[in-house]
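Enquirer:
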RNA sequence: CGGGGCGUAGCUCAGCCUGGUAGAGCGCACGGUUCGGGACCGUGAGGCCGGAGGUUCAAGUCCUCUCGCCCCGACCA
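Written out as structure tokens, the structure is:
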């Protein structure tokens, strides 16, 4: 491609709203253009990169036995009513009507459509398993789109759906997808990690996320260097912290703790460690109020708490509700004397505590010398501890560390949630109808490209991993006024094209400085500079964007050397 | 949805407080000088000051409404 005829316009300045480096660089390198909040055009240079990734994804999906199809963007509401998600999905589902005022929505994900397809075709266990995938536009009306392609409303995703006759089949399909994902992200040369994840609204029994590690990531990841355990912090477990020394039961007493609203203040006033205070957090849930008890030096993980309570979500009670339930100001709630309507649940960290302090459900008062069993009867213990760095790995006990990641893939074992609701069944060996067992496997195409830039850039611009680079080689003649330079550059360009190399020739009539800066910005991995001086010696200058080290080679052998450098 | 901010040239922004002829830099066009890391000089084109209403002799500027965008928070396959 000749730059002069291509559609690639770089900019020096960026809109002030571009916050993170991948967003800035994608705009400056002419890859994307914002059309509305969270909605982008993919300009030719950016689209090439998405196409490179898509090709890798297709290759690995096909190799893993998935079959490509293409489903609609606009979905009939009837399907979504069948799966009950017309009501459940909430405002992220963009609903529209046609001229006859029939309800439709823009597909945020395709379980409904794919299940509808499969239930019409597949009748027998003999026809299973099946795995269908597409690379398609999704629309989710996110509350707050941000960071360019990281969190858009309209975005491109690869989504695959597996259908199996039994759990073993699902397990195999899931493993095959997980391995395909590993190969895809390895092929993209990304530093990533596969972690356990919460299943969230999608439901199902098991789920993993693929995280590209980057400080700008929106997700927090817990990992163990020793045994390889990894999990989204929402899901992460740890071994319960060791309880403090067991003491002889003391008498329970009410003590005045004026204006002590936090555990730290209470602990200091009482002259005890925070681990001897029990924090009582009141939550509102769709099933009624709940009181969550946790050791004073630790924090609650709301996702784990919701799972432990078996409710879709929990919301920390506001001041009014706290007063109503505990009869006291915020900061003085305790497990003793709460109304019966409040469900009591304790984190494992509370087990084994002796002579602890807790709120007295009375403003400016706490109880001390409280003991389980004698003073308060707790029957429900669960793990809803928020893991922090340094906690013990649940598998091997080593120290866990915390890092940030960009969620580029998410795979789920769905089970029969959709097949049951939508009647997607098959006849088993006994001729009995059974719901198919499903899995779904998402991979953000645009987000992965953005993540690659987050991980591969410097102050001057993008440093493309070769497999995702829009072009592999940039031919950069320093001037258009020296016929020898032009001829040599044209020659290299034509030869590389003939060899099937993705090559861009910067034939613009620009000064060298402009060309060099643009070359760094757009980040093409292999560069060959053709200048009058070196050409007088019959040489051209090769370099890699990644390290910038220059190598002078004779013009004659340059093409072979370039092909070598551009080999993925 | 709560809190905060911003809409002026293609882009980045000043001008608004204190109403009185629409500005700068970059980019673009033309001419000249330059030419291995975003050159310089000159000339020029380019604006419904997001939209609607109001106050006023007069509104980019003040008031009301509205639309859009961004940030923080809650939320999230």
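Numbering (the numbering used here), first residue to last: 6 to 573. We put the CB at the ideal spot given by N, CA and C, even for glycine. Computed from a predicted structure; not experimentally measured.
May I have the straight-line CA-CA distance separating residue 53 from residue 549, to the nearest angstrom?
Expert: Roughly 20 angstroms separates the two Cα atoms.
Enquirer: Would you decide whether residue 79 is buried or exposed? Buried here means 16 or more other CB atoms lie within 10 Å of its CB.
Expert: Exposed.
Enquirer: How long is the line joining the alpha carbons of residue 72 and residue 90, rounded to whole angstroms?
Expert: Using only the alpha carbons, I get a separation of about 26 angstroms.
Enquirer: Classify residue 540 as helix, strand or coil using the three-state DSSP reduction.
Expert: Here residue 540 sits in helix by DSSP.
Enquirer: Less than 8 angstroms between the beta carbons of residue 186 and residue 116, yes or no?
Expert: Not closer than 8 angstroms, so no.
Enquirer: Does the Cβ-Cβ distance between residue 137 and residue 119 come in under 8 angstroms?
Expert: Yes. Within cutoff.
Enquirer: In this structure, how does DSSP classify residue 29 when only helix, strand and coil are distinguished?
Expert: Residue 29 falls in the helix class under three-state DSSP.
Enquirer: So the beta strand (DSSP E) residue 508 belongs to, where does it begin and stop?
Expert: Where residue 508 is concerned, the enclosing beta strand (DSSP E) stretches over 508-510.
Enquirer: What would DSSP say about residue 124, mapped onto helix, strand or coil?
Expert: The answer is helix: DSSP assigns residue 124 an H, G or I state.
Enquirer: Hey, would you say residue 331 sits closer than 8 angstroms to residue 287, going by beta carbons?
Expert: Cβ atoms of residue 331 and residue 287: closer than 8 angstroms.
Enquirer: When you compare each of 399, 380 and 126 to residue 256 by their alpha carbons, which one comes out closest?
Expert: Residue 256 has its Cα closest to that of 380, out of 399, 380 and 126.
Enquirer: How would you label residue 478, buried or exposed, when you count the other beta carbons within 10 angstroms and need 16 or more for buried?
Expert: Buried, since its Cβ has 16 or more Cβ neighbours within 10 Å.
Enquirer: Got a sec? Which residues, its chain only, sit under 8 angstroms from residue 398 by beta carbon, not counting five neighbours each side?
Expert: Excluding sequence neighbours, residue 398 sits near 229, 231, 232, 234, 243, 244, 404 and 405.
Enquirer: I'd like the list of long-range same chain contacts for residue 219, defined as Cβ closer than 8 angstroms, with 5 residues on each side in sequence excluded.
Expert: Same-chain partners within the cutoff: 409, 410, 411, 456, 459 and 460.
Enquirer: I believe residue 129 touches residue 474 by the beta-carbon criterion, under 8 angstroms. Please report the beta-carbon distance rounded to the nearest angstrom.
Expert: Contact flag wrong, Cβ pair sits at about 46 angstroms.
Enquirer: Assign residue 210 to buried or exposed, taking buried as 16 or more other Cβ atoms, counted over all protein chains shown, within 10 Å of its Cβ.
Expert: By the 10 Å Cβ count, residue 210 comes out exposed.
Enquirer: Which partner residues does residue 297 have in the DSSP bridge list?
Expert: The partner list for residue 297 (beta bridge, DSSP) reads 286 and 350.
Enquirer: Residue 385: which of 310, 441, 83 and 499 sits nearest, CA to CA?
Expert: Of the listed residues, the one whose Cα sits closest to residue 385 is 310.
Enquirer: Using a Cβ-Cβ cutoff of less than 6 angstroms, which residues in the same chain neighbour residue 16 once the five nearest sequence positions on both sides are dropped?
Expert: Here the set comprises 33.
Enquirer: In whole angstroms, what separates the C-alpha of residue 383 from that of residue 277?
Expert: Between residue 383 and residue 277, the C-alpha separation is close to 23 angstroms.
Enquirer: Which of the three DSSP states, helix, strand or coil, is assigned to residue 259?
Expert: Three-state DSSP puts residue 259 in a strand.
Enquirer: Are the beta-carbon atoms of residue 112 and residue 144 separated by less than 8 angstroms?
Expert: Going by C-beta atoms, residue 112 is nearer than 8 angstroms to residue 144.
Enquirer: Please classify residue 302: does DSSP put it in a helix, a strand, or coil?
Expert: Here residue 302 sits in coil by DSSP.
Enquirer: Check for me: the alpha helix (DSSP H) holding residue 425 runs from which residue to which?
Expert: Segment 422-426, the alpha helix (DSSP H) holding residue 425.
Enquirer: Is residue 281 helix, strand or coil when you go by DSSP?
Expert: Three-state result, residue 281: helix.
Enquirer: Sort 268, 512 and 254 by Cα distance to residue 374 and report the nearest one.
Expert: Here the closest residue by C-alpha is 254.
Enquirer: One question on the structure: do residue 290 and residue 314 come within less than 8 angstroms of each other, judged by their Cβ atoms?
Expert: Yes.
Enquirer: DSSP beta-bridge partners for residue 449?
Expert: Bridge partners of residue 449: 162.
Enquirer: Given residue 85, which residues of its chain have a CB within under 8 angstroms of its CB, disregarding the five upstream and five downstream residues?
Expert: Cβ neighbours of residue 85 beyond the five flanking positions: 91, 94, 98, 110 and 117.
Enquirer: Would you check if the stretch 146-158 and the stretch 463-470 touch, i.e. whether three or more CB-CB distances between them fall below 8 angstroms?
Expert: As far as the Cβ criterion goes, the stretch 463-470 does not touch the stretch 146-158, which means the pair count is below three.
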